[in-house]
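Step one of this worksheet: look at the structure below.
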Amino acid sequence: MKMIEVEHLWKEYRIPHEKRNTAFEVLVGLLDTKKGYEEFTALKDINFSVEKGEWLGVIGPNGSGKSTLLKIIANTIRPTKGRVTVNGRITSFLELGVGFHPDLTALENIRLYGTIMDFSDDAIEERVDGILDFAGLKPFADTKLKNFSSGMIVRLAFSTAIQTDPEILLLDEVLAVGDMDFQQKCFSVFERYRQEDKTVVFVTHDMIAVKRFCDRALLLNHGEQVAFGEIEEVIDEYVYGVGPEAAVQESVPVVEGANAVEPSVVEDVEVTERWGNKRVEITDVKFIDKFGNERTTFMSGDLMKIRLLYYAPELVKDPIFGVAIYKVDGLECFGTNTELKNTPVESVDGVGHIDLIIEKIPMIEGKFLVTVAVHSNDNIPYDWLDKKHSFIVARSGRDIGLFDIPCKWKSDKT
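So in our numbering, spot 141 of the sequence shown is number 141, and the numbers just go up one at a time.
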């Protein structure tokens, strides 16, 4: 059964030009043949459906139309064109404290929300304690919302929304606010909702949560539907496929914990050193993703090729190519060469390249420096570039540490 069906949905806004205040400005405006507004298209011909019990993850860059889409499904704004069909009771968590009044207490806001959702007084009172307990706000039940922090308001709003027992839940960036304890409570609710066959549309930038909870995903970019379908395929399209606005940008992510480093440490370590007789010269180093595109930021667990481009002015026999990977603090993580991997290169002459293929990037997250080299079989360096190049690994799971070591748990109780 289709709980939500979106057909050829468009949403356009008119953005007015500067307001005319004087009679002269109004007169000039009347004589002006130009429009007094700019047209902005927030959503362009969106089409998808969500089945009963299905979780749909909606992803995309900021400004892609995700929140607008949820507001149309929730019927808080109307589409310009197209149709949205909803079969079931909807509860939405769209904006911070939307529907709450700052001059009312937490308890009064809960009762107001329940009334809006058409609950009886008895049904509301039955849920009050659960809402306040979940939000951790029992001591503040009689405190006005204007005295709450943003985190407290989020906890109250989410707790109230989930206690209404919806058939369809719309969530917009619920994980972007709140502390770790609140997020874990959210995950517990998500697990229960999956077991209860609830239908959820989930807007988020957290790809880990999308993989964990969602059945399908919808990717938006500049209001257009880029992809819709299998989770891995849509996330790959987002991470690697929507051009310069892809989720994995060529920039350093926020890295915390054991892999965090101060900028000054990076600057001290990342000093280029190069030596060798240049009988074979490494002319460039490229990092290639699983789609054949060049980039410097990758998801943990994905394929990466480190491509060494070289030039040999004359024939050189039996060169040995090598790569070493370091943390930015100088700790060597891994090193190998063509001799160690029993992949001999008989000779090189002129221009060519050689790839080191890492099938699954084992590092969990962080910035890593790369040393590349080519030398003779008696260790005479032809070209050695020490820590000149670097790449970034973005977290794709919830494990901690430096490496994602393949492992599994097995209990004698199972």
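Even glycine gets a Cβ: it sits at the ideal position worked out from N, Cα and C.
Residue i to residue j span [Cα, whole Å]
i	j	result
P166	E51	15 Å
L69	G88	18 Å
S411	E125	44 Å
L145	A106	6 Å
G130	L169	18 Å
V226	F202	17 Å
V348	Q183	55 Å
F190	F213	7 Å
Y193	L94	18 Å
N277	V345	19 Å
G350	T283	12 Å
V86	T343	59 Å
L315	I380	16 Å
S64	L43	8 Å
R14	E38	6 Å
Y238	N62	12 Å
L402	K185	27 Å
S293	D355	Ser is not the amino acid found at residue 293; the sequence shown has Asn there. The straight-line gap from Cα to Cα measures roughly 14 Å.
S149	D122	29 Å
Candidates the options, of which the one nearest residue i by Cα
i	options	result
P102	N147, S120, R83, P61	N147
T371	E273, K2, T115	E273
K71	D172, L308, V234, I357	D172
L132	M117, G276, R111	R111
V200	Y238, E339, G53	G53
G397	L369, T143, C333, I361	I361
A373	R395, D45, G401, V285	V285
E233	M207, H222, Q195	M207
I46	V239, G82, Y311	G82
H421	A312, C407, T41, W409	The requested residue 421 is not part of the displayed model; the chain covers only 1 to 414.
E359	F291, T91, H375	F291
Y310	T343, L43, H353	H353
L220	K66, P16, I4	K66
D378	L402, W275, I325, E339	E339
R279	E294, S376, N293	S376
V328	R295, S390, I116	S390
Beta-carbon contacts of residue i that lie in its chain and below 8 Å, excluding the five residues immediately before and after
i	result
M152	A135, L137, F140
V252	Reliability fails at V252, whose pLDDT of 37 lies under 50, so the model's placement of it is uncertain and no value is given.
Integer-rounded CB distance, given that residue j should sit under 8 Å from residue i
i	j	result
I357	T297	Actually they do not touch by this definition, with Cβ atoms about 18 Å apart.
I364	D318	Incorrect: roughly 37 Å between the Cβ atoms, too far for contact.
F287	I306	6 Å
Same chain, Cβ closer than 7 Å to residue i, five either side skipped, listed in chain order
i	result
V210	G57, I59, T204, A217, I231, I235
N432	Outside the modelled stretch of the chain, which goes from 1 to 414, sits residue 432, for which no answer is possible.
V84	V6, L9, I72, I73
I90	A74, P166, I168, L170
K341	none
T80	W10, K11, E12
F48	V6, L218, F228
D399	I364
E332	A324, Y326
G257	For G257, the predicted structure reports a pLDDT of 42, less than 50, and the residue's modelled location is therefore unreliable. The matter cannot be settled from this model.
Close beta carbons around residue i, own chain, < 6 Å, minus the five adjacent residues each side
i	result
K159	Note that residue 159 is Ser in the sequence shown here, rather than Lys. Within the same chain, S159 has close Cβ partners I131, F134, A135.
D215	E54, W55
S188	none
S92	A74, L170
G114	I124
Cβ contact check for the region 375–387 and the region 296–309: 3 or more pairs under 8 Å: Short answer: they don't touch.
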